[in-house]
Amino acid sequence: MMDVNQFKGHEQVVYLHDKKTGLKAFIAVHDTSLGPAAGGCRMWKYDTETDALNDALRLSRGMSHKNAVAGLKLGGGKAVIMGDPRADKSEELFRAFGRMINGLGGKYISAEDVGISVSDMEIVAEETPYVAGLDKGEHASGDPSPFTATGTYLGIKAAVKHKLGLDDVKGLTVAVQGVGHVGYYLCKHLHAAGAKLLVSDIDLDALKRVVDECDATVVGLDDILTADADVFAPCALGAIVNDDTIGQFKATIIAGAANNQLARDDHGQALMDRGILYAPDYVINAGGIINVAAETRGEYDEAWVNAKVDNIYNSLTTIFERSVSEKRPTNIIADELAAEIIEKARQEKA
Ligand code: NAD
Numbered sequence: 007m008m009d010v011n012q013f014k015g016h017e018q019v020v021y022l023h024d025k026k027t028g029l030k031a032f033i034a035v036h037d038t039s040l041g042p043a044a045g046g047c048r049m050w051k052y053d054t055e056t057d058a059l060n061d062a063l064r065l066s067r068g069m070s071h072k073n074a075v076a077g078l079k080l081g082g083g084k085a086v087i088m089g090d091p092r093a094d095k096s097e098e099l100f101r102a103f104g105r106m107i108n109g110l111g112g113k114y115i116s117a118e119d120v121g122i123s124v125s126d127m128e129i130v131a132e133e134t135p136y137v138a139g140l141d142k143g144e145h146a147s148g149d150p151s152p153f154t155a156t157g158t159y160l161g162i163k164a165a166v167k168h169k170l171g172l173d174d175v176k177g178l179t180v181a182v183q184g185v186g187h188v189g190y191y192l193c194k195h196l197h198a199a200g201a202k203l204l205v206s207d208i209d210l211d212a213l214k215r216v217v218d219e220c221d222a223t224v225v226g227l228d229d230i231l232t233a234d235a236d237v238f239a240p241c242a243l244g245a246i247v248n249d250d251t252i253g254q255f256k257a258t259i260i261a262g263a264a265n266n267q268l269a270r271d272d273h274g275q276a277l278m279d280r281g282i283l284y285a286p287d288y289v290i291n292a293g294g295i296i297n298v299a300a301e302t303r304g305e306y307d308e309a310w311v312n313a314k315v316d317n318i319y320n321s322l323t324t325i326f327e328r329s330v331s332e333k334r335p336t337n338i339i340a341d342e343l344a345a346e347i348i349e350k351a352r353q354e355k356a
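Counting from 1, position 146 in the sequence shown corresponds to residue 152 in my numbering; the numbering is continuous, with no gaps.
Right, here's the structure in full:
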């Protein structure tokens, strides 16, 4: 059953059913106080339309928070296409989706997300200019992963400074779960800075690369959680902090790039109770969206991107310090900080 309270705070939600192509999609525009609502498009085999709508509502709200704390002049939005990404894609479907975005006149800017590739988005971009995150084109920003990794590395440094009082990661042990796009670049940063790396992945080639290039030590898929490390950096799966894992972590810092690391919001409090400092996921992993956002400003400006990515260190430090002084978990402080930034923009606009 749909809970109408889910719509709380959303400006506009659009549903499209294109009978010709079979496209069924929702676009949720959560907030445009800071600027156009930006957020990727997800394609997923949802069981019901309600599930798809709930996902769009939840994810678009998350994008408002992420874009606000990253200091971007962008609001939050998200699109979901109902369908199997392996079976239901067609050029016509993405064209119909592109026309749907275009109909919103720039209120929503899309990009790829789970189930959607850059090549799918290139078709969408033939129907609308309101697409970012492309490989080609005048202002294309390319692979966001190195920027996400740089921001995550700076976030780890901020956490290390706050929790351990150290200026760098030299001599510390970091357990990196998942050494794919982001995890690989993160390992490069950490290795160059003198950290010792413990890594896990299901992909043996990805592991070999970080063993060869970063002198990393491979540990088992479950052992990475309990590894004797100073920092646990989740860069693979969501919901890695859950009822089963919460008592297992030896690291006193959890700071990594994975999205939706807490299975539930109250796991933030549970980490705090255990003396574990948690770097809120959407704050520490914002490097990628910052890079994509550069496309929406017209000319791609690398100095602008780097300055915003560097600021992830300061944003996290603010959140950590506020968490201590207010005795409340970092994930809640991050949400409040985002809400304050959005509210300020709303009042300035009014
Ligand atoms: P990726 O798919 O390239 O890498 C994920 C890696 O995790 C893969 O190598 C995969 O084999 C591994 N993996 C899967 N299951 C695992 C398990 N059980 N244990 C250990 N490793 C496992 O993805 P990515 O682009 O590097 O993104 C990593 C995380 O960061 C994701 O949660 C993603 O949503 C998030 N994120 C990525 C970006 C970005 O710029 N790519 C931006 C923001 C957030």
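Glycine included, C-beta positions come from ideal geometry on N, C-alpha and C.
query, result
"Measuring from the CB of HIS187, is there a heavy atom of ligand 1 at a distance below 8 Å?", "yes"
"State the CB to CB distance for the pair LYS84 and GLY46, rounded to an integer number of angstroms; the pair is presumed to be in contact (CB under 8 Å).", "7 Å"
"Terminal residues of the continuous beta strand (DSSP E) containing TYR21?", "18 to 24"
"Once DSSP output is grouped into helix, strand and coil, what is the label at TYR284?", "strand"
"Pair every Cβ in the segment 310 to 319 with every Cβ in the segment 145 to 160, then say whether three or more of these pairs are closer than 8 Å.", "yes"
"Please work out which residues of its chain come closer than 6 Å, Cβ to Cβ, to LEU78, disregarding the five sequence neighbours upstream and downstream, and give them in chain order.", "ALA299"
"Per DSSP, what kind of secondary structure is LEU29 in: helix, strand or coil?", "strand"
"Can you name, in chain order, every residue of its own chain whose Cβ lies under 6 Å from the Cβ of SER329, other than the five neighbours on each side?", "THR336, ILE339"
"With three or more C-beta pairs closer than 8 Å as the rule, is the segment 164 to 176 touching the segment 273 to 292?", "yes"
"Give me the residue from ASP37, GLY104, GLY15 with the minimum Cα distance to THR27.", "GLY104"
"Going by DSSP, name the residue or residues bridged to CYS241.", "DSSP, once it has assigned bridges, lists no residue as partnering CYS241."
"Less than 8 Å between the CB of PHE103 and some heavy atom of ligand 1, yes or no?", "no"
"In chain order, what residues of the same chain have a beta carbon less than 6 Å from the beta carbon of LEU22, not counting five sequence neighbours either side?", "ALA31, MET106"
"Is DSSP giving SER321 helix, strand or coil here?", "helix"
"If we count the other Cβ atoms within 10 Å of its Cβ and call it buried at 16 or more, is LEU348 buried or exposed?", "According to the sequence displayed, residue 348 carries Ile and not Leu. Result: buried."
"Comparing the CB of PRO335 with every heavy atom of ligand 1, is any distance shorter than 8 Å?", "no"
"For TYR360, which three-state DSSP category applies?", "Beyond the ends of the chain as shown, which are 7 and 356, falls residue 360; an answer cannot be given."
"Work out the CA separation of GLN183 and ARG334 for me, nearest whole Å.", "27 Å"
"Would you say ASN60 touches ligand 1, meaning its beta carbon is less than 8 Å from a heavy atom?", "no"
"List in chain order: all unbroken alpha helix (DSSP H) runs of 4+ residues lying wholly within the segment 112 to 147.", "124 to 130"
"Taking the beta carbon of THR5 as the centre, do at least 16 other beta carbons fall within 10 Å, making it buried, or is it exposed?", "Residue coverage of the chain in this structure runs from 7 to 356, which leaves residue 5 outside it and unanswerable."
"CB-CB under 8 Å to ILE282, same chain, minus the five flanking residues each way: which ones, in chain order?", "PHE255, ALA257, THR258, ILE259, ILE260"
"Taking 8 Å as the cut-off, is the CB of ILE230 close to at least one heavy atom of ligand 1?", "yes"
"So, for GLY177: in the same chain, excluding its five sequence neighbours on each side, which residues have a beta-carbon less than 7 Å away from its beta-carbon?", "GLY200"
"Would you say the segment 260 to 280 touches the segment 206 to 225, given that touching needs at least three Cβ pairs under 8 Å?", "no"
"Considering only the alpha carbon of each residue, which of GLY304, GLY294, ASP271, VAL120 lies closest to TRP50?", "VAL120"
"Tell me whether ASN73 is buried or exposed, calling it buried when 16 or more other Cβ atoms sit within 10 Å of its Cβ.", "buried"
"Measure the alpha-carbon distance for ALA129 versus ARG48 and round it to whole angstroms.", "Checking the displayed sequence, the identity of residue 129 turns out to be Ile instead of Ala. So the alpha carbons of these two residues sit roughly 15 Å apart."
"Taking the straight line between their C-alpha atoms, what separation do you get for VAL225 and ASP271?", "29 Å"
"Assuming contact is defined by CB atoms lying nearer than 9 Å, are LEU231 and ALA222 in contact in what I supplied?", "no"
"For ASP272, which three-state DSSP category applies?", "helix"
"DSSP three-state label for ALA34, please.", "strand"
"Mind checking if CYS193 is an interface residue toward chain B, Cβ cutoff 9 Å exclusive?", "In summary, chain B is missing from the structure at hand, where a single protein chain is found."
"Sort out for me which residues DSSP pairs GLY81 with in a bridge.", "ALA43"
"In this structure, how does DSSP classify LYS202 when only helix, strand and coil are distinguished?", "strand"
"Straight-line CA distance for VAL20 to ASP173?", "48 Å"
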